[in-house]
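Step one of this worksheet: look at the structure below.
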Amino acid sequence: MSLQAWAVAAIVIAAMALFISEKLRYDVIGLLVLAALLVSGILTPAEGLSGFSNEATIVVAAMFALNAGLVGTGALDPLIRSLSRIKRPWLLTLSILVIVCFLGAFVKNTALVATFLPVTLSVCARAKTSPARVLIPMSYAAQMGGVCTLLGTSSNLLTNSLAVQHGMPEFGVFEFTKLGALLAVAGIIYLMLVGRWLLPRHIDTEHSENLELGKFVTELRVRADSPLIGDSVATAKLGERFGVYVLELLRGDEHLWAPREQELREGDVLLARGDWERLEEFRLKLKLEIAPAANLPAGRRVLIEALVAPGARVAGDSVGEFGARWGDDAVVLAVQRRSRILREQLKHTRLEVGDILLLLVDEPALRQLRRESGLVVLSERGDTRATRRKAPLAIGILVAVVAVAGLGILPIVVSALAGCVAMALTGCFSFDDVYETMDWKVIVLLGAILPLGIALEKTGLAREVVAAGMHLVGQHGPLAALLMVYLLTALLTEMMGHNPSVVLMVPIAISVAHVMQVSPTPFVICVAFAAATSFATPVGYPTNTMVYAAGGYRFADFMKVGIPLIAMFCALSMWLIPRFWPF
347 MSLQAWAVAA
357 IVIAAMALFI
367 SEKLRYDVIG
377 LLVLAALLVS
387 GILTPAEGLS
397 GFSNEATIVV
407 AAMFALNAGL
417 VGTGALDPLI
427 RSLSRIKRPW
437 LLTLSILVIV
447 CFLGAFVKNT
457 ALVATFLPVT
467 LSVCARAKTS
477 PARVLIPMSY
487 AAQMGGVCTL
497 LGTSSNLLTN
507 SLAVQHGMPE
517 FGVFEFTKLG
527 ALLAVAGIIY
537 LMLVGRWLLP
547 RHIDTEHSEN
557 LELGKFVTEL
567 RVRADSPLIG
577 DSVATAKLGE
587 RFGVYVLELL
597 RGDEHLWAPR
607 EQELREGDVL
617 LARGDWERLE
627 EFRLKLKLEI
637 APAANLPAGR
647 RVLIEALVAP
657 GARVAGDSVG
667 EFGARWGDDA
677 VVLAVQRRSR
687 ILREQLKHTR
697 LEVGDILLLL
707 VDEPALRQLR
717 RESGLVVLSE
727 RGDTRATRRK
737 APLAIGILVA
747 VVAVAGLGIL
757 PIVVSALAGC
767 VAMALTGCFS
777 FDDVYETMDW
787 KVIVLLGAIL
797 PLGIALEKTG
807 LAREVVAAGM
817 HLVGQHGPLA
827 ALLMVYLLTA
837 LLTEMMGHNP
847 SVVLMVPIAI
857 SVAHVMQVSP
867 TPFVICVAFA
877 AATSFATPVG
887 YPTNTMVYAA
897 GGYRFADFMK
907 VGIPLIAMFC
917 ALSMWLIPRF
927 WPF
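Residue numbers (my numbering): 347 to 929.
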């Protein structure tokens with residue numbers, strides 16, 4: 347290999363190590379890769395910056411905007427209301443799988459999961475079933491739906507763009523549907539009949555009352571006129587009367603770990619857990635005040651529930667650090683955590699991905715909070731700005747975008763951009779809202795990592811990798827080579843995510859096809875499906891990460907359910923891909 351090929355190999359290995367370690371954000375890693383390729387002279391500035399003008403990057407950005415209009419107008423609310431009426435756990439799971447899988451073909455996966463997450467938790471609590479029985483299937487369904495169309499996931503668009511760069515014809519919007527639909531049906535059947543026995547049946551907790559889900563933890567200070575003064579938690583029977591459980595009693599700097607028998611005094615702070623409505627009733631009737639928000643200024647304020655999503659900048663910060671940064675503009679009133687019960691003072695609690703925060707936000711600061719924190723707002727109490735009457739219009743525009751691109755009337759990028767303009771002109775969203783909800787980390791990653799494919803081809807590293815792989819496959823034919831490409835793509839996806847694995851594997855897959863003297867189409871399709879269905883770890887795909895903490899899962903839970911599903915998808919793909927796209 348040439349010196350430059352060795353340099354690219356070193357950059358790829360270093361990037362993989364950084365992706366796996368998760369010590370840096372993935373967009374930062376992408377920029378580091380781009381900078382290394384430019385500084386070393388492997389790529390020219392034009393080649394290095396070509397990823398930011400690539401059609402895939404622009405279409406992904408446009409789809410983010412279209413999704414913002416769809417979700418922002420409340421177009422999904424009727425489905426959510428229908429789900430909220432379901433009481434049987436198995437029917438809830440099946441309904442979510444079918445709905446999320448279908449919508450995942452057209453709606454951004456992470457936005458879809460974030461939208462359905464709160465109602466799923468609420469229905470699970472009412473049905474007295476653990477959310478761990480539902481959330482992994484929901485994440486998998488979003489991925490299975492996403493691979494069914496070219497627009498369903500960014501890695502499909504990226505695959506198409508790289509294939510076109512290598513001289514292949516452009517894939518149609520519904521090119522993947524025939525295989526994706528069959529795999530989705532097989533996946534849903536597996537999850538309902540087999541996967542349900544592999545999922546955890548409950549979340550281990552310390553006390554029986556903690557089996558109740560959807561609870562917030564907050565701090566309530568005893569006022570001078572509270573009837574609790576001189577009483578104890580045990581004698582007041584707070585659990586029986588209000589459904590509120592006191593986890594800890596704070597008296598100044600003193601932590602009283604057995605609060606039930608302590609006589610309460612003015613100024614005591616109760617670390618309490620319960621439904622927010624119950625906590626509010628408890629606070630008002632017993633004349634308590636929310637400790638973190640004791641001195642809030644007057645003004646128009648909104649109460650929001652926000653999810654700490656993967657990549658949120660507040661993840662890892664303590665509630666105290668959050669408060670110091672935002673002051674009175676955004677006050678954390680309570681925290682909900684699925685993986686375990688919080689038993690420490692809120693200001694010392696470190697925020698984790700999957701936490702749900704109850705925030706009292708100064709309305710003018712809400713836009714800035716969304717933009718700078720990376721939090722996903724799940725609900726906004728008292729919010730009257732949502733223009734739900736425009737929901738049918740947003741749905742119509744999205745359907746038109748898909749139809750126009752699917753029929754070949756306009757290229758995908760033109761259709762998507764026209765849809766964005768239509769939504770903006772009709773008031774389905776404002777561009778300020780789009781800029782705030784846009785996942786810029788994905789856009790930057792795509793623009794920065796795409797030139798890596800150019801470097802693989804330019805330095806000959808892709809040819810060297812293919813030669814080594816073909817030596818391993820030997821004379822076993824194109825099907826063995828296709829299996830090798832699928833397994834390598836699946837492995838890379840679990841380690842470093844779906845988009846980087848596509849950039850690495852598409853040039854290799856096309857080179858393998860050329861060496862075998864067969865059509866490259868089945869090999870590129872193989873990469874797309876292997877990269878877009880990441881089931882074995884909570885870090886391979888963003889939706890897995892979102893439900894990981896929210897469902898109280900262990901790492902091994904994804905492996906138990908996901909590895910057999912990957913094996914099934916691999917076997918079906920090896921059977922179906924050569925039939926749909928012959929060698």
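Idealized CB from N, CA, C, for every residue including glycine.
If you're wondering where the values come from, they're calculated on a predicted model, not measured in any experiment.
Asked	Found
DSSP beta-bridge partners of leucine 653	Ile702, Val722
Methionine 842 classed as buried or exposed, judged by whether at least 16 other C-beta atoms fall within 10 angstroms	buried
For isoleucine 636: DSSP bridge partner residues	Leu566
C-alpha distance - isoleucine 758 paired with alanine 509, whole-angstrom precision	15 Å
Length at least 4, wholly inside the stretch 567-598: the alpha helix (DSSP H) runs in chain order	579-582, 584-588
Residue range of the alpha helix (DSSP H) that includes alanine 855	844-862
With 16 other Cβ atoms within 10 Å as the buried cut-off, status of serine 367	exposed
Nonlocal neighbours in the same chain, by C-beta distance under 8 Å from methionine 920, ignoring five residues either side	Leu825, Leu828, Leu829, Tyr832
Residue range of the unbroken alpha helix (DSSP H) whose run includes alanine 882	No alpha helix (DSSP H) holds alanine 882; DSSP gives it neither H nor E.
Chain-order list of residues whose beta-carbon lies under 6 Å from that of valine 592 (same chain, five-residue window excluded)	Val579, Pro605, Leu616, Ala618
Rounded separation between isoleucine 388 and valine 358 - CA only	13 Å
Buried versus exposed call for arginine 925 [16 or more other C-beta atoms within 10 Å across all chains shown]	exposed
8 Å contact criterion, which glycine 793 and threonine 456 should meet: CB distance rounded	So it is not a contact: roughly 19 Å between Cβ atoms.
Bounding residues of the alpha helix (DSSP H) (the contiguous stretch that carries arginine 624)	622-631
Inter-residue spacing [alpha-carbon to alpha-carbon] between leucine 413 and valine 453	Residue 413 is actually asparagine in this sequence, not leucine. The alpha-carbon atoms of asparagine 413 and valine 453 are separated by roughly 6 Å.
Contact belief for leucine 679 with isoleucine 636 at Cβ below 8 Å, rounded distance in angstroms	6 Å
Buried or exposed (CB count within 10 angstroms, at least 16 for buried), valine 849	buried
Separation of leucine 481 from phenylalanine 915, as counted between CA atoms	20 Å
Whole-number beta carbon distance between phenylalanine 875 and valine 858, since they are thought to touch under 8 Å	About 16 Å separates the two Cβ atoms, so there is no contact after all.
Outcome for proline 318 when other beta-carbon atoms lying within 10 angstroms are tallied against a minimum of 16	Shown here, the chain extends from 347 to 929; a query on residue 318 therefore has no answer.
Cutoff 6 Å; reference phenylalanine 775; Cβ partners in own chain excluding five residues on either side	Ala414, Gly415, Gly418, Met769
At least 3 beta-carbon pairs within less than 8 Å: the stretch 391-409 vs the stretch 812-821	no
Simplified DSSP state of valine 453, which is helix, strand or coil	coil
Assigned exposure category for threonine 930 - 16 Cβ within 10 Å defines buried	Residue 930 cannot be examined here, being either before or after the span of the chain that is shown, 347 to 929.
Beta-carbon proximity list for arginine 569, same chain, < 8 Å, skipping 5 on both sides	Glu612, Lys633, Leu634, Glu635
Beta-carbon proximity check, leucine 545 vs alanine 478, cutoff 8 Å	yes
At least 3 beta-carbon pairs within less than 8 Å: the stretch 523-532 vs the stretch 492-500	yes
Continuous beta strand (DSSP E) assignments of at least 3 residues falling wholly in the stretch 358-438	none
Closer than 8 Å to chain B by CB, isoleucine 650	Chain labels in this structure do not include chain B; a single protein chain is all it has.
Delimiting residues of the beta strand (DSSP E) encompassing leucine 679	676-682
First through last residue of the alpha helix (DSSP H) which encompasses lysine 804	786-804
Residue from Leu378, Asp708, Glu623, Asp373 with nearest C-alpha to alanine 313	Examination of residue 313 is not possible in this model, given that the chain is present from 347 through 929 alone.
CB contact flag (valine 563, valine 681, <8 Å)	yes
Run of the alpha helix (DSSP H) containing glutamate 810, from where it starts to where it stops	807-819
Identity of the residues DSSP links to valine 767 by a beta bridge	Valine 767 pairs with nothing; no bridge assigned.
C-beta contact flag for methionine 851 and leucine 837 at 8 Å	no
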